[in-house]
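Please read the structure below before turning to the comments.
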Amino acid sequence: MNPYAKLITSLSLLLGTTITISSNHWMMAWTGLEINTLAIIPLISKSHHPRAIEAAIKYFLVQAAASTLVLFSSTINAWHTGQWDLTQLTHPTSCLLLTTAIAMKLGLVPFHFWFPEVLQGSSLTTALLLSTVMKFPPITILYMSSHSLNPTLLTTMAIASAALGGWMGLNQTQIRKILAFSSISHLGWMSIIIIYDPKLTLLTFYLYSLMTATVFLILNTTKTMKLSTIMISWTKTPMLNATLMLALLSLAGLPPLTGFLPKWLIIHELTKQEMTVAATVIAMLSLLGLFFYLRLAYYSTITLPPNSTNHMKQWHINKLTNTSIAIIASLSMLLLPLSPMILISV
Numbered sequence: 001m002n003p004y005a006k007l008i009t010s011l012s013l014l015l016g017t018t019i020t021i022s023s024n025h026w027m028m029a030w031t032g033l034e035i036n037t038l039a040i041i042p043l044i045s046k047s048h049h050p051r052a053i054e055a056a057i058k059y060f061l062v063q064a065a066a067s068t069l070v071l072f073s074s075t076i077n078a079w080h081t082g083q084w085d086l087t088q089l090t091h092p093t094s095c096l097l098l099t100t101a102i103a104m105k106l107g108l109v110p111f112h113f114w115f116p117e118v119l120q121g122s123s124l125t126t127a128l129l130l131s132t133v134m135k136f137p138p139i140t141i142l143y144m145s146s147h148s149l150n151p152t153l154l155t156t157m158a159i160a161s162a163a164l165g166g167w168m169g170l171n172q173t174q175i176r177k178i179l180a181f182s183s184i185s186h187l188g189w190m191s192i193i194i195i196y197d198p199k200l201t202l203l204t205f206y207l208y209s210l211m212t213a214t215v216f217l218i219l220n221t222t223k224t225m226k227l228s229t230i231m232i233s234w235t236k237t238p239m240l241n242a243t244l245m246l247a248l249l250s251l252a253g254l255p256p257l258t259g260f261l262p263k264w265l266i267i268h269e270l271t272k273q274e275m276t277v278a279a280t281v282i283a284m285l286s287l288l289g290l291f292f293y294l295r296l297a298y299y300s301t302i303t304l305p306p307n308s309t310n311h312m313k314q315w316h317i318n319k320l321t322n323t324s325i326a327i328i329a330s331l332s333m334l335l336l337p338l339s340p341m342i343l344i345s346v
């Protein structure tokens with residue numbers, strides 16, 4: 001890809017995200033979302049592979065439909081109340097339409113079909129952007145308008161997302177698809193709590209982005225795309241694979257690692273809100289996700305091929321990549337002891 005084109009798309013992504021997260025007016029928020037959508041499409045389709053082109057078209061169609069719904073929702077609200085402010089969404093139809101539009105943007109069930117296919121058609125770095133940076137503006141809109149969302153619809157979609165994300169990830173062999181279903185499952189956890197504690201949703205999103213970035217950067221360094229190749233990568237980069245295993249267990253939410261913190265806080269908050277049944281169901285559904293994370297961790301470190309491959313062990317890789325992986329991997333595993341400080345700030 002031309003360096004100038006890459007620079008323009010990167011700056012446009014930054015601009016679109018900044019406009020959306022800093023705007024109070026619905027038209028500005030919509031403009032930021034549109035800039036973001038148009039900026040990521042060249043990055044998805046840059047390999048010119050038929051699957052990449054298909055992914056770009058699917059992404060464009062879904063995001064365009066969701067943006068139209070956002071605009072439609074805000075226009076109906078302005079028509080009835082005269083308000084264009086993000087925090088003043090009060091009309092019931094507008095609230096319902098906005099919940100649906102943001103669910104489409106994020107890939108919540110039942111609007112999740114595009115997400116695994118788009119991630120599978122993208123490169124690992126673009127898949128990382130789609131899983132983290134591109135989710136930030138819609139999450140911000142949810143945060144700003146959390147008091148006016150439809151609670152029943154959101155809770156239903158959240159539990160369905162946690163269930164389907166875990167269930168569909170079980171039989172996948174492509175790592176990008178597994179991580180796509182992992183993302184859908186985590187979005188379920190974020191959206192179930194947004195009405196009761198929006199700051200907790202943001203905290204969950206930040207920690208999820210940190211852990212996902214660790215996994216994607218390690219996979220990008222070892223050039224691993226599917227389960228059969230993850231088994232062989234141990235002989236080339238043993239330290240990276242050991243780090244990958246810990247990052248995956250952190251994503252699964254096992255207690256000594258960072259990933260346990262948001263799940264623990266969400267279950268605690270749901271119990272305080274007397275939603276014990278929802279808390280129990282979503283906690284049980286996280287066991288499905290735990291199964292495929294354990295499978296990935298097992299393949300990355302424990303399962304070795306029967307014959308030793310003639311590879312020199314790579315103890316030194318690209319220094320910049322090495323440093324960034326070391327920093328974010330440490331954060332994605334060791335933040336749990338800081339939870340009292342995080343709780344005070346939240």
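Each residue of the sequence shown is one higher than the one before, starting from 1 at the first, in full-length UniProt numbering. By construction, the Cβ of each residue, glycine as well, lies at the ideal position given by its N, Cα and C atoms.
Check, Outcome
"Where DSSP assigns a beta bridge to glutamine 174, which residues make up the other side?", "Lys226"
"Going straight from the alpha carbon of alanine 252 to that of threonine 81, what length do you get?", "44 Å"
"From this set, Lys46, Ser161, Ala279, Ala65, which residue's C-alpha is nearest proline 110's C-alpha?", "Ser161"
"Less than 8 Å between the CB atoms is what I'm expecting for proline 116 and alanine 180, so what's the real figure, rounded?", "4 Å"
"Please report the straight-line C-alpha distance between leucine 207 and threonine 214, rounded to a whole angstrom.", "11 Å"
"Determine the direct distance from the alpha carbon of asparagine 241 to that of isoleucine 232, and round the result to whole angstroms.", "10 Å"
"Taking the straight line between their C-alpha atoms, what separation do you get for serine 153 and leucine 108?", "The identity of residue 153 in the sequence shown is leucine, whereas the question assumes serine. One C-alpha to the other measures close to 11 Å."
"Mind reading off the beta-carbon distance from threonine 258 to methionine 144? Whole number of angstroms is fine, and I expect it under 8 Å.", "About 26 Å; that fails the 8 Å criterion."
"Pop quiz: alanine 127 and arginine 176 are said to be a contact at Cβ under 8 Å. What is the actual Cβ separation, rounded to whole angstroms?", "5 Å"
"For phenylalanine 216, which of Pro137, Leu15, Ile328 has the nearest alpha-carbon?", "Ile328"
"What whole-angstrom Cβ distance do threonine 132 and threonine 224 have, given they're in contact under 8 Å?", "So it is not a contact: roughly 19 Å between Cβ atoms."
"For a test of the three-state rule: what should DSSP assign to histidine 268, helix, strand or coil?", "helix"
"Opposite aspartate 85 in the DSSP bridges: which residues?", "His25"
"Which first and last residues belong to the alpha helix (DSSP H) in which serine 194 is found?", "Serine is not the amino acid found at residue 194; the sequence shown has isoleucine there. It is not in any alpha helix (DSSP H) - isoleucine 194 carries neither H nor E in the DSSP assignment."
"When burial is assigned at 16 or more other CB atoms within 10 Å of the CB, is tryptophan 79 buried or exposed?", "exposed"
"For proline 256, name the three-state secondary structure that DSSP assigns.", "coil"
"To the nearest angstrom, report how far apart leucine 294 and serine 185 are at their CA atoms.", "16 Å"
"Smallest Cα separation from proline 255: which of His91, Leu336, Tyr59?", "Leu336"
"Our contact map puts threonine 243 next to isoleucine 218 with C-beta atoms below 8 Å; I'd like the distance itself, whole angstroms only.", "6 Å"
"Can you give the Cα-Cα distance for alanine 55 and isoleucine 344, rounded to whole angstroms?", "42 Å"
"Quick check on leucine 170: buried or exposed, where buried means 16 or more other Cβ atoms within 10 Å of its Cβ?", "exposed"
"Hey, leucine 97 and serine 67: beta-carbon distance below 8 Å or not?", "no"
"Using CA atoms only, rank isn't needed, just tell me which of Ile21, Lys46, Ser47, His48 is closest to isoleucine 35.", "Ile21"
"Pull up the distance between the alpha-carbon of tryptophan 30 and that of isoleucine 8, whole angstroms please.", "20 Å"
"Please classify asparagine 77: is it buried, with 16 or more other beta-carbons within 10 angstroms of its beta-carbon, or exposed?", "buried"
"For the alpha helix (DSSP H) that contains glycine 121, what are its first and last residues?", "114–121"
"Keeping to the same chain, check which residues put their C-beta closer than 7 Å to that of residue 351; ignore five residues upstream and five downstream.", "The structure shown does not extend to residue 351, since the chain is modelled only from 1 to 346, so the question has no answer here."
"Considering only the alpha carbon of each residue, which of Gly289, Leu13, Tyr196 lies closest to glutamine 273?", "Tyr196"
"Hey, how far is the Cα of phenylalanine 136 from the Cα of isoleucine 40?", "14 Å"
"Suppose you measure from the CA of leucine 338 to the CA of histidine 49; what does that come to, to the nearest Å?", "45 Å"
"Taking buried to mean at least 16 other C-beta atoms within 10 Å of its own C-beta, is lysine 199 buried or exposed?", "exposed"
"Distance check for proline 92 and phenylalanine 205, CA to CA, integer angstroms please.", "27 Å"
"With a cut-off of 8 Å, does the C-beta of alanine 78 fall near any C-beta of chain C?", "The structure shown contains no chain C, having only a single protein chain."
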